[in-house]
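Colleague:
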Amino acid sequence: MTPTTSPTQAPDKDEVVRVFKEMLRIRRFEELASRAYTQGKISGFLHLYIGQEAIAVATADLMKDGDRVVTTYRDHGFAVALGCEPQRCMAELFGKKDGLVGGVGGSMHFFDRDKGMWGGYAIVGGHLPVAAGHAFASKYTGDGAVTLCFLGEGAMHIGATHEGMHLAGLWKLPIVFVVENNQYAMGTPLKRQTLVDDLTVRAPAYRMTSDRWEVTDVFETRRRLSEAVERARTDNQPALIELLTYRFRGHSMSDPAKYRTKDEVEVQRKKDPLYRTEQSLREDHGFGDDAIEAIDDAIVEEMQAAVDFAEASPQPDPEHRFRNHLVEDD
Ligand SMILES: Cc1ncc(C[n+]2csc(CCOP(=O)(O)OP(=O)(O)O)c2C)c(N)n1
Numbered sequence: 007m008t009p010t011t012s013p014t015q016a017p018d019k020d021e022v023v024r025v026f027k028e029m030l031r032i033r034r035f036e037e038l039a040s041r042a043y044t045q046g047k048i049s050g051f052l053h054l055y056i057g058q059e060a061i062a063v064a065t066a067d068l069m070k071d072g073d074r075v076v077t078t079y080r081d082h083g084f085a086v087a088l089g090c091e092p093q094r095c096m097a098e099l100f101g102k103k104d105g106l107v108g109g110v111g112g113s114m115h116f117f118d119r120d121k122g123m124w125g126g127y128a129i130v131g132g133h134l135p136v137a138a139g140h141a142f143a144s145k146y147t148g149d150g151a152v153t154l155c156f157l158g159e160g161a162m163h164i165g166a167t168h169e170g171m172h173l174a175g176l177w178k179l180p181i182v183f184v185v186e187n188n189q190y191a192m193g194t195p196l197k198r199q200t201l202v203d204d205l206t207v208r209a210p211a212y213r214m215t216s217d218r219w220e221v222t223d224v225f226e227t228r229r230r231l232s233e234a235v236e237r238a239r240t241d242n243q244p245a246l247i248e249l250l251t252y253r254f255r256g257h258s259m260s261d262p263a264k265y266r267t268k269d270e271v272e273v274q275r276k277k278d279p280l281y282r283t284e285q286s287l288r289e290d291h292g293f294g295d296d297a298i299e300a301i302d303d304a305i306v307e308e309m310q311a312a313v314d315f316a317e318a319s320p321q322p323d324p325e326h327r328f329r330n331h332l333v334e335d336d
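If you're matching positions, the sequence shown starts at 7 in our numbering and goes up one per residue.
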């Protein structure tokens with residue numbers, strides 16, 4: 007859905023409602039996916055985005071036709087925010103024929119070119135050179151598109167990350183690298199991963215502009231992100247943004263997240279942008295329990311329908327495994 011206010015304007019009530027719904031859609035999608043996983047209906051890995059939804063929603067609001075998102079394996083939130091149909095996303099998680107990529111990609115490889123969703127990559131940092139390639143294509147063809155490349159803070163210490171950033175700076179590419187610093191790479195906290203607290207200190211080495219903030223407000227995030235996106239679009243100026251965020255679930259479904267305390271999680275819950283947007287609806291716009299519940303019920307219904315669709319979808323045709331594979335004759 008299109009935003010009703012520009013990134014620099016204060017949001018009106020309708021806009022707060024819209025953004026609340028968009029974030030809640032991702033959260034409920036993932037909660038139902040999590041349940042299906044524990045019921046054995048989803049195999050393989052499942053990395054949830056719960057807590058980070060505001061980033062995907064703010065991003066989707068800024069995208070124009072042709073813009074691309076290239077992201078990690080924690081990719082469902084972007085797909086839902088960009089407008090991929092939840093039932094096709096869920097069917098992909100279930101490995102079914104009607105999935106976003108026919109059921110052969112699974113959780114980590116969501117892809118939908120028409121919606122600007124250019125993957126879903128499982129190799130930490132491996133997607134940055136790919137994203138730089140997309141941005142190079144935009145500069146070369148002059149299509150005016152911006153590539154938004156998302157990575158975890160753990161990816162900041164990977165060689166391919168720096169190859170991608172270096173090319174972006176050297177060739178002045180229309181790209182924004184966004185580090186979603188959710189504090190942990192699997193179970194390793196940031197201070198045990200790196201020598202610096204502020205990951206944007208690396209930006210000047212690649213002639214990138216930078217910005218860094220804690221994501222508690224989806225509208226602030228959209229506004230500040232829009233500045234980098236516009237500089238990339240109009241001046242081919244690459245940027246490195248660090249977003250301090252939090253994932254409320256374990257790294258993947260097999261991680262009970264015992265490396266953090268209940269107190270830490272409680273502190274973060276009060277900063278959760280979804281919670282804060284709900285508070286804004288209640289305190290600034292007169293919403294009560296009934297109104298909030300009505301929104302929630304409709305979204306749960308939408309996402310449950312996605313689960314039902316995924317369950318009913320057939321298995322992929324066996325031949326589909328070989329589609330998109332290059333097989334050369336001897
Ligand atoms: C090159 C590579 N090394 C190791 C892994 C295993 N691995 C998967 S996720 C992950 C942690 C990445 O953490 P971060 O980049 O902070 O992203 P987050 O999971 O927090 O979103 C690791 C080490 C991998 N997928 N790819």
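C-beta: ideal position from N, C-alpha, C; glycine also. Keep in mind that this is a model prediction, so the values were computed, not measured.
(1) Around the C-beta of Gly-65, are 16 or more other C-beta atoms found within 10 angstroms, so that it is buried, or is it exposed?
(2) To the nearest angstrom, report how far apart Thr-227 and Thr-44 are at their CA atoms.
(3) Please classify Arg-329 as buried or exposed, where buried requires at least 16 neighbouring CB atoms within 10 angstroms.
(4) State buried or exposed for Pro-210, treating a residue as buried only when at least 16 other CB atoms are found within 10 Å of its CB.
(5) When we look at the beta-carbon of Ala-16 and count the other beta-carbons within 10 Å, is it buried (16 or more) or exposed?
(6) Between Ile-61 and Glu-186, what straight-line distance do the alpha-carbon atoms span, to the nearest angstrom?
(7) What does DSSP give as the partner residue(s) for Asn-187 in the beta ladder?
(8) If we count Cβ pairs, one from each stretch, closer than 8 Å, do we get three or more for the stretch 248-257 versus the stretch 280-296?
(9) CB Phe-183 to CB Met-123, shorter than 8 Å?
(10) For Leu-173, report the span of its alpha helix (DSSP H) as first-last.
(11) DSSP three-state call for Cys-95: helix, strand or coil?
(12) Just jot down, in chain order, the residues whose CB lies closer than 5 Å to any heavy atom of ligand 1.
(13) Between which two residues does the alpha helix (DSSP H) harbouring Phe-30 extend?
(14) Within the continuous alpha helix (DSSP H) that includes Thr-68, where are the two ends?
(15) Going straight from the alpha carbon of Cys-155 to that of Ala-174, what length do you get?
(16) Nearest to Met-29 by CA position, among Tyr-212, Ala-42, Ile-305, is which residue?
(17) Rounded to whole angstroms, what is the Cα-Cα separation between Val-23 and Pro-324?
(18) Can you name the residues that DSSP bridges to Ser-216?
(19) By the three-class DSSP mapping on this structure, what secondary structure does Asp-302 have?
(20) Per DSSP, what kind of secondary structure is Asp-296 in: helix, strand or coil?
(21) Straight-line CA distance for His-140 to Thr-147?
(22) Using only CA atoms, which one of Gly-125, Asp-149, Val-130, Lys-19 lies nearest to Thr-240?
(23) Around the C-beta of Thr-8, are 16 or more other C-beta atoms found within 10 angstroms, so that it is buried, or is it exposed?
(24) Since Arg-198 is in the alpha helix (DSSP H), which residue starts that stretch and which ends it?
(25) What's the call for Gly-46, buried or exposed, on a 16-neighbour Cβ count within 10 Å?
(26) Would you call the stretch 230-240 in contact with the stretch 64-80, where contact means no fewer than 3 C-beta pairs closer than 8 Å?
(27) Are the stretch 187-195 and the stretch 104-124 touching, with three or more C-beta to C-beta distances below 8 Å?
(28) Give me the DSSP bridge partner(s) of Gly-158.
Modeller: In terms of the structure at hand:
(1) As a working mapping, residue 65 is identified with position 59 in the sequence shown. Note that residue 65 is Thr in the sequence shown here, rather than Gly. Counting other Cβ atoms within 10 Å of its Cβ, Thr-65 reaches 16 or more and is therefore classed as buried.
(2) As a position in the sequence shown, residue 227 is number 221, starting the count at 1. As a position in the sequence shown, residue 44 is number 38, starting the count at 1. The alpha-carbon atoms of Thr-227 and Thr-44 are separated by roughly 33 Å.
(3) Against the sequence shown, residue 329 aligns to sequence position 323. It counts as exposed.
(4) Position 204 of the sequence shown, counted from the start, is the residue given in the question as residue 210. It counts as exposed.
(5) To locate residue 16, count along the sequence shown from 1; it is residue 10. Exposed: under 16 other Cβ atoms inside 10 Å.
(6) Sequence index remark: in the sequence shown, residue 61 carries index 55 (1-based). Sequence index remark: in the sequence shown, residue 186 carries index 180 (1-based). Answer to the nearest angstrom: the Cα atoms are 8 Å apart.
(7) Counting from 1 along the sequence shown, the entry for residue 187 is found at position 181. Beta-bridge pairing links Asn-187 to Leu-250.
(8) Two segments are said to touch when three or more pairs of C-beta atoms, one from each, lie closer than 8 Å; by this definition the stretch 248-257 does not touch the stretch 280-296.
(9) Residue numbering aside, residue 183 sits at position 177 when the sequence shown is read from its first letter. Residue numbering aside, residue 123 sits at position 117 when the sequence shown is read from its first letter. In this structure, Phe-183 sits away from Met-123, with a CB-CB distance that is not shorter than 8 Å.
(10) For the purposes of this step, residue 173 is identified with residue 167 of the sequence shown, where counting begins at 1. Going by DSSP, Leu-173 is part of the alpha helix (DSSP H) stretching over 165-176.
(11) For this step, residue 95 is matched to residue 89 along the sequence shown. Under the three-state reduction of DSSP, Cys-95 is assigned to helix.
(12) Listed by chain position, these are Arg-80, Ile-129, Val-130, Gly-158, Glu-159, Gly-160, Ala-161, Asn-188, Ala-191, Met-192.
(13) The residue labelled residue 30 in the question sits at position 24 within the sequence shown. Checking the sequence, you will find Leu at residue 30 rather than Phe. It spans 19-44 - the alpha helix (DSSP H) in which Leu-30 sits, taken as one unbroken run.
(14) Counting from one through the sequence shown, the residue named residue 68 turns up at place 62. The question names Thr, but residue 68 is Leu in the sequence shown. Residues 59-68.
(15) Within the sequence shown, residue 155 is the residue found at index 149, counting from 1. Within the sequence shown, residue 174 is the residue found at index 168, counting from 1. Cα atoms of Cys-155 and Ala-174: separation of roughly 11 Å, rounded to the nearest angstrom.
(16) Residue mapping note: residue 29 aligns to position 23 of the sequence shown, counting from 1. Ranking Tyr-212, Ala-42, Ile-305 by CA distance to the CA of Met-29 puts Ile-305 first.
(17) Along the sequence shown, read from residue 1 onward, the residue named residue 23 stands at position 17. Along the sequence shown, read from residue 1 onward, the residue named residue 324 stands at position 318. So the two alpha carbons sit approximately 44 Å from each other.
(18) Here the question's residue 216 lines up with position 210 in the sequence shown. Bridge partners of Ser-216: Leu-246.
(19) What you label residue 302 is simply residue 296 of the sequence shown in a count that begins at 1. Asp-302 carries a helical assignment under DSSP once its states are collapsed to helix, strand and coil.
(20) As a first step, residue 296 is located in the sequence shown; it is residue number 290 there, counting from the start. Under the three-state reduction of DSSP output, Asp-296 falls in the helix class.
(21) Working through the sequence shown from its first residue, we reach residue 140 at position 134. Working through the sequence shown from its first residue, we reach residue 147 at position 141. The alpha-carbon atoms of His-140 and Thr-147 are separated by roughly 11 Å.
(22) Position 234 of the sequence shown, counting from 1, holds the residue named residue 240. Closest option to Thr-240, Cα to Cα, is Asp-149.
(23) Start at 1 with the first residue of the sequence shown, and residue 8 comes out as number 2. Residue burial is scored here from C-beta neighbours: Thr-8 has fewer than 16 other C-beta atoms within 10 angstroms and is therefore classed as exposed.
(24) Residue numbering aside, residue 198 sits at position 192 when the sequence shown is read from its first letter. Arg-198 -> no alpha helix (DSSP H), and no H or E assigned at all.
(25) Here residue 46 is taken as the residue at index 40 of the sequence shown, counted from 1. Per the 10 Å Cβ criterion, exposed.
(26) Three or more Cβ pairs drawn from the stretch 230-240 and the stretch 64-80 lie within less than 8 Å of each other, which places the two stretches in contact.
(27) With the cut-off at 8 Å, the stretch 187-195 and the stretch 104-124 do not touch.
(28) Locating residue 158 in the sequence shown gives position 152, where the first residue counts as 1. Glu-186.
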